[in-house]
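Comments concern the structure below.
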Amino acid sequence: MMRALFLLVSFLILLPAAGAADEVCVGEYCYDADDSGSFYQSYLFSTTSNAFDIVMIGDGYTEAEMDKFIASATVMADSFITINPYAAESCAFRIWIVRLISEDSGIEVEGSSTWGNQDTALDAVFGDGMNITVDFDKVWKAVDSSAVPGSDFVCVLVNDPSGNDGAWAYQSERVCLVTGAWPWGVTMAHELGHLIANLGDEYQCVQCDQSAGFLTTADWTRTYSEATVAAADQIDNPNLATDIGVLGWQAEINPNQILPSHALNVCSGTTVGAWEGGGKYRYGVWRSEEYCIMDGWQCPSEDHFCYACSSALAAAILPCATAFPDCAYIPFKAPRLLRARSLPPELRIPFAEDTHIEIDIPPCWTCIPDSTDVPGPPLPETYGVGIVIQNLPEGTRVAVYTSMLDLVAEQVASANGSVEITFEADTLKRYFLTLDIPAGNEGMLVNTMLSINGAQVDL
Amino acid sequence: MPPRTVAVLCSLLLLPALAGCSRKTSLKPDLALASAGQPVTILLDPPVKDASAVRARWGKQIIPILRTDKGMIQFIMPRGDTDSVVVEMLDGSRSLGSFAIRRQPEPAQRLLLSLDGETVTLRDRVPSNDAASVDARTRRTRLSFDVVNRHGTVVYSASIPHPAFEPVESFIVEGNDAHARTVTRTGPVVFPVWIPAHRDTVRLYVYEAAPGLDLMDSDGRARRRELAVLEVLP
Numbered sequence: 001m002m003r004a005l006f007l008l009v010s011f012l013i014l015l016p017a018a019g020a021a022d023e024v025c026v027g028e029y030c031y032d033a034d035d036s037g038s039f040y041q042s043y044l045f046s047t048t049s050n051a052f053d054i055v056m057i058g059d060g061y062t063e064a065e066m067d068k069f070i071a072s073a074t075v076m077a078d079s080f081i082t083i084n085p086y087a088a089e090s091c092a093f094r095i096w097i098v099r100l101i102s103e104d105s106g107i108e109v110e111g112s113s114t115w116g117n118q119d120t121a122l123d124a125v126f127g128d129g130m131n132i133t134v135d136f137d138k139v140w141k142a143v144d145s146s147a148v149p150g151s152d153f154v155c156v157l158v159n160d161p162s163g164n165d166g167a168w169a170y171q172s173e174r175v176c177l178v179t180g181a182w183p184w185g186v187t188m189a190h191e192l193g194h195l196i197a198n199l200g201d202e203y204q205c206v207q208c209d210q211s212a213g214f215l216t217t218a219d220w221t222r223t224y225s226e227a228t229v230a231a232a233d234q235i236d237n238p239n240l241a242t243d244i245g246v247l248g249w250q251a252e253i254n255p256n257q258i259l260p261s262h263a264l265n266v267c268s269g270t271t272v273g274a275w276e277g278g279g280k281y282r283y284g285v286w287r288s289e290e291y292c293i294m295d296g297w298q299c300p301s302e303d304h305f306c307y308a309c310s311s312a313l314a315a316a317i318l319p320c321a322t323a324f325p326d327c328a329y330i331p332f333k334a335p336r337l338l339r340a341r342s343l344p345p346e347l348r349i350p351f352a353e354d355t356h357i358e359i360d361i362p363p364c365w366t367c368i369p370d371s372t373d374v375p376g377p378p379l380p381e382t383y384g385v386g387i388v389i390q391n392l393p394e395g396t397r398v399a400v401y402t403s404m405l406d407l408v409a410e411q412v413a414s415a416n417g418s419v420e421i422t423f424e425a426d427t428l429k430r431y432f433l434t435l436d437i438p439a440g441n442e443g444m445l446v447n448t449m450l451s452i453n454g455a456q457v458d459l
Numbered sequence: 460m461p462p463r464t465v466a467v468l469c470s471l472l473l474l475p476a477l478a479g480c481s482r483k484t485s486l487k488p489d490l491a492l493a494s495a496g497q498p499v500t501i502l503l504d505p506p507v508k509d510a511s512a513v514r515a516r517w518g519k520q521i522i523p524i525l526r527t528d529k530g531m532i533q534f535i536m537p538r539g540d541t542d543s544v545v546v547e548m549l550d551g552s553r554s555l556g557s558f559a560i561r562r563q564p565e566p567a568q569r570l571l572l573s574l575d576g577e578t579v580t581l582r583d584r585v586p587s588n589d590a591a592s593v594d595a596r597t598r599r600t601r602l603s604f605d606v607v608n609r610h611g612t613v614v615y616s617a618s619i620p621h622p623a624f625e626p627v628e629s630f631i632v633e634g635n636d637a638h639a640r641t642v643t644r645t646g647p648v649v650f651p652v653w654i655p656a657h658r659d660t661v662r663l664y665v666y667e668a669a670p671g672l673d674l675m676d677s678d679g680r681a682r683r684r685e686l687a688v689l690e691v692l693p
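Sequence lines, in order, name chains A and B. The first sequence lines up with residues 1 to 459 when you count with the working numbering. The second sequence lines up with residues 460 to 693 when you count with the working numbering.
If you want it as structure tokens, here you go:
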């Protein structure tokens with residue numbers, strides 16, 4: 001089985017210049033030289049030079065699925081920009097859509113058969129529940145390679161064929177991730193609320209109460225004081241408060257209203273007051289309205305931002321919105337497709353129980369030819385072999401032996417995990433590669449490259 | 460044949476040839492200097508017959524067109540690393556001519572940093588039209604940055620939420636029950652920071668700022684913990 005796994009390793013050559021003539025690479029991303037168009041298209045364009053530039057880019061979409069990605073991105077952008085206060089200040093935004101191709105369709109889903117087995121451009125993974133992670137280094141480098149004029153925030157649409165519904169915002173990274181399967185503008189509005197205005201989640205903490213933990217009626221016991229203490233350390237968003245006496249939206253509350261607000265003492269969930277729960281706590285945290293897009297789970301059919309969120313967002317957007325109130329839609333103009341530079345394929349090697357690995361190095365000049373073989377050029381006496389292996393655990397010994405167990409070359413992987421071996425091979429000998437991996441490593445993704453006289457050789 | 464008839468016939472014969480000798484199109488950009496993403500308007504004289512057939516390109520890169528009219532084309536100034544952009548206008552496959560527009564230098568530089576444990580590495584730097592980072596509005600742990608010029612003067616300071624301390628929700632559903640917890644991220648993190656553009660090499664000081672530190676206050680700034688000093692080229 002182990003051997004069969006290794007037979008799946010595709011050895012790539014370092015492409016000679018002549019072979020790469022049709023592909024132009026910018027940084028780590030490439031496009032077809034004879035293609036035309038730009039890498040990006042604009043969905044919404046504002047002429048204001050200080051607009052919020054939002055880049056929408058996909059992961060897990062193959063070239064054949066680009067229409068699907070564009071459809072999801074435009075539906076999401078279309079819906080997002082109709083939600084206030086984004087709608088009222090739509091000229092504060094520029095939305096760029098970048099067409100990035102992945103080798104494989106669909107991102108990895110933790111715990112499923114796809115986990116560790118998908119080759120996507122940005123390495124997005126759907127974690128347990130609604131978490132999505134991504135390689136932020138690749139995200140920003142792909143954005144750079146696309147040459148979009150601006151990129152304040154990036155929204156990655158992930159192609160998740162299993163239909164998970166989730167989204168996540170990474171504030172430090174300025175990146176949000178949403179599923180393309182559910183192209184809801186309200187999701188994008190929610191995640192950008194985190195990024196643009198530091199809005200906190202307003203979950204009512206049925207699902208995520210950190211003080212109780214379990215969603216069972218037995219755990220609905222109020223743990224007010226503990227939750228309050230914990231919440232005070234965590235909550236610092238303009239739409240949440242930990243002291244009912246100090247509410248950022250106090251001026252909007254009807255002085256006759258009894259606080260805290262509750263369905264029993266107000267007529268409508270849209271009444272501005274002090275509603276308990278938010279910031280992942282059920283108790284001791286206050287929000288301005290019963291329903292809000294920053295709630296995410298409890299929204300009624302009419303999705304809207306609550307008063308505190310709308311105010312905070314408007315304050316963040318306003319400086320960008322008033323300078324040049326002019327925006328327009330740009331027609332789609334056959335954009336180029338951007339794809340990751342051809343890197344060696346990755347394969348998860350489960351060597352935890354087998355720390356010594358042997359791989360035959362092709363070609364076998366002396367093997368009996370296959371009946372379908374076409375007669376080749378005269379047999380050379382020697383040929384050049386180049387082997388590159390990356391992502392190895394530090395201390396891994398990589399060696400090349402002949403079939404007579406003569407050591408030809410060896411190297412030990414340094415901290416960067418890369419090993420490069422070149423040697424002149426004898427046509428009449430067979431060679432194999434060994435990897436001795438230090439104990440304590442539980443599997444990895446390695447990149448392998450093999451060049452034989454500058455030509456690709458199949459296993 | 461009367462001379463008048465001869466003249467008319469000759470004119471008819473010459474007409475197709477004269478029609479082919481259309482006047483060269485004059486291209487007048489409204490800007491000589493533009494920043495990436497800025498709209499640039501070109502006046503076409505004489506106007507073209509079919510504005511939808513007009514394209515703009517810079518080398519092999521097609522430039523996105525914003526608006527078109529018979530006598531006007533508006534395009535988006537492309538991003539690049541040259542001082543000027545030579546834009547060629549095409550009407551179908553026919554070149555209408557070309558002109559150069561100088562590039563307004565980007566006001567900021569985006570740095571891509573990684574943090575692994577307490578090791579900070581500069582992974583990439585690109586000119587950027589986006590705004591420089593400002594102080595993060597959070598009471599949580601932050602990463603604080605000072606940009607210091609060759610004279611040792613702090614010329615810019617900003618902070619972002621500490622990427623390694625960003626909470627991540629984790630949900631587990633078992634039967635009818637749902638567990639939930641907030642977990643802290645582990646492993647190296649990669650994140651962008653925007654600093655103002657600079658002509659000389661500067662040093663970027665990276666600090667960890669504990670929750671609640673006032674980074675506008677000298678005492679608060681003095682209590683930051685230094686993580687790294689990085690040289691940043693223009």
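The beta carbon of each residue, even a glycine, is placed where N, CA and C say it ideally should be.
Query: Supposed contact pair A:Gln171 and B:Pro620 - C-beta distance, whole angstroms, cut 8 Å; Result: 5 Å
Query: Exposure label - B:Arg553; buried when at least 16 CB within 10 Å; Result: exposed
Query: B:Ser511 beta carbon near the ligand HEM (any heavy atom closer than 6 Å); Result: Although the ligand HEM was asked about, the structure shown includes no ligands whatsoever.
Query: Residues of its chain near A:Glu381, where Cβ-Cβ distance is below 7 Å and the 5 sequence neighbours each way are ignored; Result: Thr427
Query: Cβ-based neighbour list, A:Thr434, same chain, cut-off 6 Å, excluding 5 preceding and 5 following; Result: Glu358, Ala399
Query: Supposed close pair A:Glu94, A:Asp123 - CB separation, criterion 8 Å; Result: Looking at the sequence shown, residue 94 of chain A is not Glu but Arg. Contact doesn't hold; Cβ gap of about 27 Å is too wide.
Query: Meets three-Cβ-pair contact criterion under 8 Å: the stretch 515 to 526 of chain B and the stretch 576 to 594 of chain B; Result: no
Query: Any chain A beta carbon closer than 7 Å to B:Glu667; Result: no
Query: Beta-carbon gap between B:Val695 and B:Phe604 smaller than 7 Å; Result: Since the first residue of chain B shown is 460 and the last is 693, residue 695 of chain B is not available in this structure.
Query: Proximity test, Cβ basis, 7 Å: B:Gly496 and chain D; Result: Within the model displayed, chain D is absent; protein chains A and B are what it includes.
Query: Reduced DSSP secondary structure (H/G/I, E/B, other) of A:Cys155; Result: strand
Query: Minimum C-alpha distance to A:Gly248 - residue among A:Trp96, A:Ala189, A:Gly269, A:Ala274; Result: A:Ala274
Query: Beta-carbon gap between A:Val285 and A:Gly278 smaller than 7 Å; Result: yes
Query: Residues sharing a beta bridge with A:Tyr283, DSSP; Result: Beta-bridge pairing links A:Tyr283 to no other residue.
Query: Inter-residue spacing [alpha-carbon to alpha-carbon] between A:Thr216 and B:Leu674; Result: With a pLDDT of only 39 at A:Thr216, under 50, the local geometry of the prediction cannot be trusted, and no value is derived from it.
Query: Whether B:Thr597 touches A:Asp119 by CB criterion (7 Å); Result: no
Query: Under 7 Å from the C-beta of A:Phe136: neighbouring residues of chain B; Result: Val649, Phe650
Query: Residues that A:Tyr170 contacts on chain B, provided the C-beta gap is smaller than 7 Å; Result: Glu625
Query: B:Glu633 at chain A interface by Cβ criterion, 7 Å; Result: Residue placement at B:Glu633 is poorly supported in this model, since its pLDDT is 44, which falls under 50; the coordinates are not used for a value here.
Query: Close beta carbons around A:Gly269, own chain, < 6 Å, minus the five adjacent residues each side; Result: Glu290, Tyr291
Query: CA-to-CA distance, A:Glu103 to A:Val374, given in whole angstroms; Result: The predicted position of A:Val374 is uncertain, since its pLDDT is 46 and thus under 50; no value can be drawn from it.
Query: Residues that A:Thr422 bridges to, as DSSP identifies them; Result: A:Gly386
Query: Local conformation of A:Thr74 per DSSP, three classes; Result: helix
Query: Residue burial classification, B:Gly611 (beta-carbon count within 10 angstroms, cutoff 16); Result: exposed
Query: Below-7 Å beta-carbon distance, A:Trp140 vs any chain B residue; Result: yes
Query: Closer than 9 Å at the beta carbon, the chain A residues around B:Ala491; Result: Neighbours of B:Ala491 on chain A: none; closest Cβ ~17 Å, over 9 Å.
Query: Where the alpha helix (DSSP H) through A:Ala121 begins and ends; Result: First-last for A:Ala121: undefined, no H or E at that position.
Query: Inter-residue spacing [alpha-carbon to alpha-carbon] between A:Ala312 and A:Tyr86; Result: 12 Å
Query: Test: A:Asn198 CB closer than 7 Å to a CB of chain B; Result: yes
Query: Sequence-distant residues of its chain with Cβ nearer than 7 Å to B:Asp542 (five each side left out); Result: Arg561, Arg562
Query: Among A:Glu394, A:Ala316, A:Ser451, A:Gln390, the one whose alpha carbon lies nearest that of B:Val593; Result: A:Ala316
Query: Cα-Cα separation between B:Val614 and B:Val606, rounded to whole angstroms; Result: 6 Å
Query: Inter-stretch contact (C-beta, 8 Å, three-pair minimum) for the stretch 67 to 84 of chain A and the stretch 155 to 162 of chain A; Result: yes
Query: Beta-carbon neighbours of B:Ile619, restricted to chain A and to distances below 7 Å; Result: Ser172
Query: B:Val585 at chain A interface by Cβ criterion, 7 Å; Result: yes
Query: Limits of the unbroken beta strand (DSSP E) element including A:Gly277; Result: 275 to 278
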